[in-house]
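Protein sequences appear in the order of chains A and B.
Residue numbers for the first sequence follow my numbering, so the first one is 14 and each next one is one higher.
Residue numbers for the second sequence follow my numbering, so the first one is 822 and each next one is one higher.
Worksheet for the structure shown next.
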Amino acid sequence: MHVSATAQLLLELGAVIFGLGLLARFASRFGLSPIPLYLLAGLAFGAGGFAPLDAPDGFFESGSEIGVILLLLMIGLEYTAGDLVENLRTQAPAGLLDLLVNGIPGVLFALVMGWDATACVAMFGITAVSSSGIASKVLTDLGRLGNRETPAVLGILVLEDLAMALYLPIVTALAAAGAGVSAVKAVLIALAVLAAVLFVAIRYGRLVTALVSHSSNEILLLRLMGLALLVAGVAEAAHVSAAVGAFLLGIALSTDVAERAYAILEPLRDIFAAVFFVFFGLSTDPSQLPSVLLPAAVLALVGVVTKMVTGWIAGARAGVYRPARIRAGAALLPRGEFSIIVAGLVAAGTTDKLAPTAAAYVLILAVVGPLAPRLLEPLARRLGTVRLDEAAAPSVAGD
Amino acid sequence: MATKAEQLGIAVERAKLPGFGVRQEFTCQIGRRVGVITLKNGHRQLAVYDERDPDAVLASVELNENEATLLAELLGAPGAVERLSRLQEQVEGIITANIPIAPGSPYDGKSLGDAAIRTRTGASVVAVFRGDEVIASPRPAFVFQADDRVVAVGTEQGVHGAYQILTSG
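Take a look at the structure:
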């Protein structure tokens, strides 16, 4: 039977997206994140995989860009500028410690592997930043939103997202410029544009909100999506990274519009984010995976330990007892969307081992991440049953 | 003005959950902790903390807005909520509305008496939400502030009139 190009595109696309649906169902059944399965699917369908696809490549490439923009826009929608400032004030030491303790092993790893400067900077972000998506889902699923360590955990996730707004432009500029003086210039321009956008977002949030808000969902969706792509495009042109432009737009929108927009965009985000993970898998050479698996596993193990340290210290700062400090660390373990975004930004301009290493690292930690809070619970229990009289009068000022 | 918790002499611990909402909890006389998480979508989570690990939620139940109102009523909460639902039961065709006083509203800083809502529209102002407080049955001398939310009850026309008055004068 002769199949036209359009038919082939639709068939392959349909099969992939339906397959992702099955994978997501499988993951949710076991309380896991679908991200590692999406990545594996991409690896399997890519060049050198089990079942290479050819037709929908173009779709996946543009879809993946839109996926990143939606992911970051929606992270921005969850927070207000006030949230960010407040967390910066109260949690800054824990946030800084989190980035350093978790990012430096990534840099050391890149140095040991003999990679270039771009890869060193990229590995910092890949290992430092937890997946706020997976972490929030696990906290919700396990009914731990009310736990007294949770504000500290969420505070760190917020600060990581904020740090990313500063970090992504640097990585983007580095990837665009290569090494040397031009890189410094590119980074400076990127930071200047970032400052300008941040200023507009915080100072003129109302105007930005007025630009998109409307009582009709359809009009809101089209305006918001259009504006997000425009801002992302401008940001990308200035090497600030499209994703950061979208993130700042999300911050700028006022709460009531943001909440409606969140509900409207969620299904779109789900589909394009899945496409984004698949595309990263598609463009990663699976034949490189075996050779990086062991180093990535070691790095992941270090990543588990360093996040546990972060959680312990952040928990202690928040005045919670030892079991809660273990839980805080466990909640911060997963790495996911952010690590893949960073790897995707630099993959073309640095060692070809970086993308497979990031893929393996996320594959491990996106699986371990949601399991750890459950598995570590017995340990947390044993580590410290708090005596009731001690508990009844908590002397430490939390939060 | 003292909040309810201050009047009752119970320390309520409040923590922001960025991206989710606000958690408020207190320790009961018997030593157990109870908390309520107000989510951004208006749902509430009722949480009971573990006896052996006071940082951990032992069980939590998510309630939608109606269920939360019902639970508050079952617990015997007096005030606006009860009054509202009783009003709604009594008269068919009565609606309630939650009208925000935007900064710059003509009644920001003016009193309920100045607005003369009942005389002009027939609708009644039964409560005002200010931050975490509820001011039930405000007197005519009550002065509106920006970001108050005014609960008005009346016919559809009356409530619409009240909305017009409070937002554009």
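All C-beta atoms in this analysis are idealised placements derived from N, C-alpha and C, irrespective of residue type, glycine included.
Residue i versus residue j - alpha carbon distance
{"i": "B/Thr917", "j": "B/Val971", "result": "10 Å"}
{"i": "A/Leu376", "j": "A/Leu201", "result": "34 Å"}
{"i": "B/Asn887", "j": "B/Asn862", "result": "13 Å"}
{"i": "A/Lys320", "j": "B/Ile920", "result": "46 Å"}
{"i": "A/Phe292", "j": "A/Thr185", "result": "19 Å"}
{"i": "A/Ala404", "j": "B/Val857", "result": "Confidence at A/Ala404 is low in this model, with a pLDDT of 44, below 50, so its placement is unreliable and the value that follows should be read with caution. Going by the C-alpha atoms only, they are around 19 Å apart."}
{"i": "A/Ala223", "j": "A/Gly89", "result": "17 Å"}
{"i": "A/Arg395", "j": "B/Arg853", "result": "21 Å"}
{"i": "A/Glu390", "j": "A/Arg338", "result": "11 Å"}
{"i": "A/Arg236", "j": "B/Ala832", "result": "46 Å"}
{"i": "B/Met822", "j": "B/Arg951", "result": "With a pLDDT of 43 at B/Met822, under the threshold of 50, the modelled position of that residue is not reliable, and no figure is offered here."}
{"i": "A/Glu173", "j": "B/Val964", "result": "43 Å"}
{"i": "A/Ala203", "j": "A/Glu249", "result": "10 Å"}
{"i": "B/Gln966", "j": "A/Ala94", "result": "23 Å"}
{"i": "A/Val244", "j": "A/Val381", "result": "35 Å"}
{"i": "A/Ala205", "j": "A/Val253", "result": "9 Å"}
{"i": "B/Ile922", "j": "B/Gly934", "result": "15 Å"}
{"i": "B/Arg835", "j": "B/Gln850", "result": "18 Å"}
{"i": "B/His981", "j": "B/Ala893", "result": "28 Å"}
{"i": "B/Ser989", "j": "A/Leu167", "result": "40 Å"}
{"i": "B/Glu977", "j": "B/Ile938", "result": "14 Å"}
{"i": "A/Ala393", "j": "A/Phe58", "result": "41 Å"}
Local Cβ density within 10 Å of residue i, reported as buried at 16 or more and exposed below that
{"i": "A/Ala410", "result": "Low local confidence applies: a pLDDT of 41 at A/Ala410 is under 50, so the model's placement there is unreliable, with the coordinate-based value given in what follows. Per the 10 Å Cβ criterion, exposed."}
{"i": "B/Pro924", "result": "exposed"}
{"i": "B/Val946", "result": "buried"}
{"i": "A/Leu401", "result": "Residue confidence for A/Leu401 is low, a pLDDT of 42 falling below 50, so the modelled location carries little weight; the figure read from the coordinates is stated next. Answer is exposed; the Cβ neighbour count stays below 16."}
{"i": "A/Gly316", "result": "buried"}
{"i": "B/Arg844", "result": "buried"}
{"i": "A/Leu378", "result": "buried"}
{"i": "A/Ala406", "result": "Because A/Ala406 carries a pLDDT of 44, less than 50, the predicted location of this residue cannot be relied on, and no value is offered for it."}
{"i": "A/Val16", "result": "exposed"}
{"i": "A/Tyr5", "result": "The displayed coordinates of chain A run from 14 to 412. Any statement about residue 5 of chain A would go beyond what the structure contains."}
{"i": "A/Lys198", "result": "exposed"}
{"i": "A/Pro386", "result": "buried"}
{"i": "B/Arg940", "result": "Residue 940 of chain B is actually Thr in this sequence, not Arg. Label assigned to B/Thr940: exposed."}
{"i": "A/Ile232", "result": "exposed"}
{"i": "A/Pro118", "result": "buried"}
{"i": "B/Asn885", "result": "exposed"}
{"i": "A/Phe31", "result": "exposed"}
{"i": "B/Leu829", "result": "exposed"}
{"i": "A/Asn115", "result": "buried"}
{"i": "A/Leu187", "result": "buried"}
Member of the options whose CA lies at the smallest distance from the CA of residue i
{"i": "B/Lys931", "options": "B/Tyr870, B/Ile986, B/Gly856 and B/Leu884", "result": "B/Ile986"}
{"i": "B/Ile915", "options": "B/Gly975, B/Leu829, B/Gly842 and B/Gly840", "result": "B/Gly975"}
{"i": "A/Val359", "options": "A/Thr222, A/Ala190 and A/Arg340", "result": "A/Ala190"}
{"i": "A/Ala165", "options": "A/Gly382, A/Ala356, A/Trp325 and A/Ser352", "result": "A/Trp325"}
{"i": "A/Ile169", "options": "A/Leu235, A/Pro106 and A/Val380", "result": "A/Pro106"}
{"i": "A/Leu234", "options": "A/Leu36, A/Ala327, A/Tyr51 and A/Val270", "result": "A/Val270"}
{"i": "A/Leu113", "options": "A/Pro65, A/Val142 and A/Thr153", "result": "A/Val142"}
{"i": "B/Leu953", "options": "B/Asp968, B/Ala944, B/Arg939 and B/Arg960", "result": "For clarity, residue 953 of chain B is Asp in the given sequence; the question names Leu instead. Taking only the C-alpha atoms, the option nearest B/Asp953 is B/Asp968."}
{"i": "A/Val225", "options": "A/Phe212, A/Leu242 and A/Phe39", "result": "A/Leu242"}
{"i": "A/Val286", "options": "A/Ala18, A/Val221, A/Gly27 and A/Pro47", "result": "Sequence inspection shows Ala at residue 286 of chain A; the Val mentioned does not correspond to that position. With distances taken between Cα atoms, A/Ala286 lies closest to A/Pro47."}
{"i": "A/Ala28", "options": "A/Leu66, A/Gly328, A/Gly246 and A/Leu45", "result": "A/Leu66"}
{"i": "A/Glu279", "options": "A/Asp129, A/Pro49, A/Ile139 and A/Gly146", "result": "A/Gly146"}
{"i": "A/Gly246", "options": "A/Ile79, A/Tyr51 and A/Tyr217", "result": "A/Ile79"}
{"i": "A/Tyr217", "options": "A/Ser229, A/Ser267 and A/Met177", "result": "A/Ser267"}
{"i": "A/Ala148", "options": "A/Asn230, A/Asp283, A/Leu45 and A/Thr297", "result": "A/Leu45"}
{"i": "A/Thr131", "options": "A/Ala373, A/Ala393 and A/Asp365", "result": "A/Asp365"}
{"i": "B/Leu860", "options": "B/Tyr870, B/Leu879 and B/Lys837", "result": "B/Lys837"}
{"i": "A/Glu74", "options": "A/Ile183, A/Gly294, A/Ala373 and A/Arg38", "result": "A/Gly294"}
{"i": "A/Ala344", "options": "A/Gln21, A/Leu24 and A/Ala327", "result": "A/Ala327"}
Neighbour flag for residue i against chain D, beta carbons, 8 Å
{"i": "B/Lys861", "result": "Judged by its chain identifiers, the structure shown contains no chain D, and its protein chains are A and B."}
| Stretch-stretch touch, CB-based, cutoff 8 Å, three pairs: the region 368 to 388 of chain A with the region 287 to 303 of chain A | yes
| query | Taking one C-beta from the region 247 to 260 of chain A and one from the region 83 to 90 of chain A each time, how about it: are there three or more such pairs within less than 8 Å? | reply | yes
| request: Give, in chain order, every residue of the region 139 to 154 of chain A whose Cβ lies closer than 9 Å to some Cβ of chain B. | output: Within the region 139 to 154 of chain A, the residues whose Cβ lies closer than 9 Å to some Cβ of chain B are Ser145, Ser149, Leu152 and Thr153, listed in chain order.
| field | the region 348 to 359 of chain A / the region 260 to 279 of chain A touching (three or more Cβ pairs under 8 Å) | value | Segments in contact, no.
| Okay, do the region 132 to 150 of chain A and the region 113 to 123 of chain A touch, 3+ Cβ pairs below 8 Å being the bar? | yes
| Does the region 304 to 313 of chain A touch the region 101 to 108 of chain A, meaning 3 or more C-beta pairs lie closer than 8 Å? | no
| query | What residues in the region 825 to 853 of chain B have a beta carbon less than 8 Å from any beta carbon of chain A? | reply | Glu834, Arg835, Ala836, Lys837, Leu838, Pro839, Gly840, Phe841, Arg844, Glu846, Thr848 and Gly852
| Can we say the region 150 to 159 of chain A touches the region 834 to 850 of chain B, given the rule of at least three CB pairs closer than 8 Å? | Segments in contact, yes.
| Using a Cβ cut-off of 8 Å, which residues of the region 329 to 359 of chain A contact any Cβ in chain B, in chain order? | Listed by position along the chain: Val333, Tyr334, Pro336, Ala337 and Arg340.
| field | Residues, ordered as in the chain, of the region 959 to 972 of chain B that lie near chain A by beta-carbon distance below 9 Å | value | Cβ contacts with chain A: none found.
| Using Cβ-Cβ distances below 8 Å, what residues of the region 156 to 169 of chain A are close to chain B? | Gly156, Arg157, Leu158, Gly159, Asn160, Arg161, Glu162, Thr163, Pro164, Leu167 and Gly168
| said: Taking beta-carbon pairs under 7 Å, can you tell me which members of the region 868 to 879 of chain B lie near chain A? | reply: Under the 7 Å Cβ criterion, the region 868 to 879 of chain B contributes Ala868, Glu872, Arg873, Asp874, Pro875, Asp876, Ala877 and Val878.
| message | Counting only Cβ-Cβ distances shorter than 9 Å, please list the residues of the region 171 to 191 of chain A near chain B, keeping chain order. | response | Val171
| query | Can you list, in chain order, the residues of the region 92 to 109 of chain A whose Cβ is nearer than 8 Å to any Cβ on chain B? | reply | Correct list: Tyr92, Asp96, Glu99 and Asn100.
| field | Under 8 Å (Cβ pairs) to chain B, residues found in the region 224 to 248 of chain A | value | none
| field | Short-range partners of chain B found in the region 262 to 275 of chain A, where Cβ spacing is below 7 Å | value | Result list: Glu272.
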